[in-house]
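Here the structure comes first, spelled out in structure tokens, and everything after it is commentary.
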Amino acid sequence: CRYIFIAAAIHYLCGFTSSDRFYTPLPLYHTAGGCMSVGQMIIYGATVVIRKKFSATGYFPDVRKYNCTVAQYIGEMCRYILAVPPNENDKQHNLRVIFGNGLRPQIWEEFVKRFNIKRVGEFYGATEGNANIVNVDNTVGAIGFVSRIIPTVYPISIIRVDPATGEPIRNSKGLCIPCKPNEPGVFIGKILPNNPTRQFLGYVDEEASKKKVVYDVFKHGDSAFISGDILVADEFGNLFFKDRTGDTFRWKGENVSTSEVEAVLSNLIDYKDAIVYGVEIRGQEGRAGMAAILDPEEKVDLAKLAEGVKKSLPTYARPIFVRVLRKIDLTGTYKLKKNDLQKEGFDPRKISDHIYYLTPSGSYEILSPEIYDKIIEGVIRL
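Residues 276 to 657 in my numbering are what the sequence shown spells out, letter by letter.
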């Protein structure tokens, strides 16, 4: 039932037809490839062109070769494609729509302009969850829409949470508090037991499943799937992704969105991979920002980077440490992994990669073991 619902929903919301020819380089074990694209063939009789493995340089040549009218993306794919040198054939294709999730707002307009993309069907959702949305009107950067006039039509909402813990903030009655327009909060989907499309199926791990359900949401006795993702809705009801609750960190008394900093850094370093996370410094409150950049040949201009973050980011959001990686691990759906990097911290004695720190003067300098010790001892304040 859910397979049909997902495939049908994306079909009608993105304006697909049975005569469309789809292109997907995604793994078919993932819902995006195996359901949203292949589902168009199974349910509607459309043609699906499947590439075994994603290639940034081969993406649009494939689209042209197989005369595709709809193409799929996920995670960091669009950034990798944009990093390919411009070609005179970039606009030579028959695409009507591209759809997927992970097209960052910071590169959205550049991507659609360079490749002459008429419509973007950016969506948001999780296979196990019940809170799924789609951008249906090409609003730049939006991942979906919820009506401001009749919000109860689709039982989703954004509620206030504690930035540090991700736990819902409740009113005097013990109920959750809906966010106001342009106020960040966690995205939820109301659970309706008698509606298969509104149920939360859970995980094999029962404890993990319990953590994804919040009770007494807007009335006592109700429940909702809590996504763990921070979204914001504008005054028109357009929804925008901000960060994941576990990724946001506090520094200098301010909340730092890792996804926003990652997008800025990637633009400054010619669309290279950039992973941002918070690291603890003994004796200092919160977590300092650290960026891990994939640059095997170490060609990144650190002076340019320092100048760029100064112009583009507030003081509290600027990465204090920069780690230059020789290689990087991605998930099967081309999303960046950061947990292991965060655990490794910034000790140059334990990490073979070069690490730099942001000096009080605003430049990035090599982090030597001696400098590290002075930072830990509080001699150098960051």
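The beta-carbon is built from N, C-alpha and C at its ideal position, and this holds for glycine as well.
Please read these numbers as outputs of a predicted model, since none were measured by experiment.
Given residue i as reference, the closest of the options once Cα atoms are compared
{"i": "Asp365", "options": "Ala331, Gly375 and Asn376", "result": "Ala331"}
{"i": "Val409", "options": "Pro456, Ser447, Gly375 and Pro361", "result": "Gly375"}
{"i": "Ala499", "options": "Phe462, Phe511, Asp412 and Thr523", "result": "Phe462"}
{"i": "Ser627", "options": "Ala401, Pro438, Pro644 and Leu467", "result": "Pro644"}
{"i": "Asn342", "options": "Leu611, Ser638, Arg371 and Lys448", "result": "Arg371"}
{"i": "Thr344", "options": "Arg593, Ala321, Ala358 and Glu529", "result": "Ala321"}
{"i": "Ser293", "options": "Pro302, Glu537, Thr306 and Ser312", "result": "Ser312"}
{"i": "Cys451", "options": "Glu458, Ile433, Leu467 and Thr440", "result": "Ile433"}
{"i": "Leu605", "options": "Arg557, Val387, Ile349 and Glu529", "result": "Ile349"}
{"i": "Gly400", "options": "His305, Glu363, Pro361 and Arg394", "result": "His305"}
{"i": "Gly333", "options": "Arg557, Met352, Ala284 and Pro302", "result": "Met352"}
{"i": "Asn513", "options": "Glu458, Val489, Glu555 and Ile382", "result": "Glu458"}
{"i": "Arg435", "options": "Gly503, Gln559 and Phe420", "result": "Gly503"}
{"i": "Ile382", "options": "Lys547, Thr634 and Leu600", "result": "Lys547"}
Under 8 Å between C-beta atoms of residue i and residue j
{"i": "Val324", "j": "Phe291", "result": "no"}
{"i": "Arg519", "j": "Ile505", "result": "yes"}
{"i": "Tyr591", "j": "Val531", "result": "yes"}
{"i": "Ala566", "j": "Leu540", "result": "yes"}
{"i": "Gln474", "j": "Asn407", "result": "no"}
{"i": "Leu588", "j": "Val654", "result": "no"}
{"i": "Ile544", "j": "Val584", "result": "no"}
{"i": "Ile641", "j": "His629", "result": "yes"}
{"i": "Phe511", "j": "Ile418", "result": "no"}
Residues sharing a beta bridge with residue i, DSSP
{"i": "Met565", "result": "Tyr552 and Phe596"}
{"i": "Val531", "result": "Phe524"}
{"i": "Ala346", "result": "Tyr298 and Ile373"}
{"i": "Gly396", "result": "Phe374"}
{"i": "Ile408", "result": "Tyr399"}
{"i": "Ala499", "result": "Lys465 and Val489"}
{"i": "Cys451", "result": "Arg445"}
As assigned by DSSP and simplified to three states, the class of residue i
{"i": "Gln367", "result": "coil"}
{"i": "Tyr429", "result": "coil"}
{"i": "Val654", "result": "coil"}
{"i": "Asp648", "result": "helix"}
{"i": "His286", "result": "helix"}
{"i": "Arg445", "result": "strand"}
{"i": "Gly314", "result": "helix"}
{"i": "Pro456", "result": "coil"}
{"i": "Ala358", "result": "helix"}
{"i": "Asp504", "result": "strand"}
{"i": "Gly464", "result": "strand"}
{"i": "Tyr631", "result": "strand"}
{"i": "Cys353", "result": "helix"}
{"i": "Val421", "result": "coil"}
{"i": "Leu303", "result": "coil"}
{"i": "Ile626", "result": "coil"}
Run of the alpha helix (DSSP H) containing residue i, from where it starts to where it stops
{"i": "Asn513", "result": "Run containing Asn513: none in the alpha helix (DSSP H); it sits in the beta strand (DSSP E), Asn513 to Arg519."}
{"i": "Lys585", "result": "Leu577 to Ser587"}
{"i": "Leu616", "result": "Asn614 to Glu619"}
Delimiting residues of the beta strand (DSSP E) encompassing residue i
{"i": "Glu640", "result": "Tyr639 to Ile641"}
{"i": "Val415", "result": "Premise fails: Val415 is in no beta strand (DSSP E) and is neither H nor E."}
{"i": "Val324", "result": "Thr322 to Ile325"}
Residue i Cβ short of 7 Å to the ligand FAD heavy atom set
{"i": "Tyr341", "result": "Judged by which ligands are present, the structure shown has none, so any question about the ligand FAD falls away."}
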